[in-house]
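In this text, residue positions in the sequence shown follow my numbering: the first is 286, and each later residue adds one. The next block holds one structure in the form of structure tokens; read it before the comments.
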Amino acid sequence: MADRRRTVAEAAPRALPSRFLTPDDLVELFELPSVETVYQWRRKRTGPRGFRVGRHLRFDPDDVRAWVESQLKGAAA
């Protein structure tokens, strides 16, 4: 079971697209159980910073990268 789990550090090396990311992109990138996890992060303000385009949620790849780096720093402490 432990070998199936990937840490944020293992997921980070993947190249992020240059376009704005959708919640589904984050699910795929971080191998999350569902898109609801992304929405919970947003409600709890624990995930990467996102913004709305009309009714759609989007994430700037630079913000996602900064969030991953902050997670890595927190894990190292």
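Even for Gly, the Cβ is constructed at its ideal location relative to N, Cα and C.
Linking V353 to R304 through their CA atoms gives a straight-line distance of about 17 Å.
Nearest neighbour of A300 by Cα position, chosen from L317, R337 and V349, turns out to be V349. In this structure, the alpha-carbon of R330 lies about 10 Å from that of V323. Annotation for L311: the continuous alpha helix (DSSP H) segment containing it runs P308 to F315. Per DSSP, G335 is one residue of the beta strand (DSSP E) stretching across G335 to V338.
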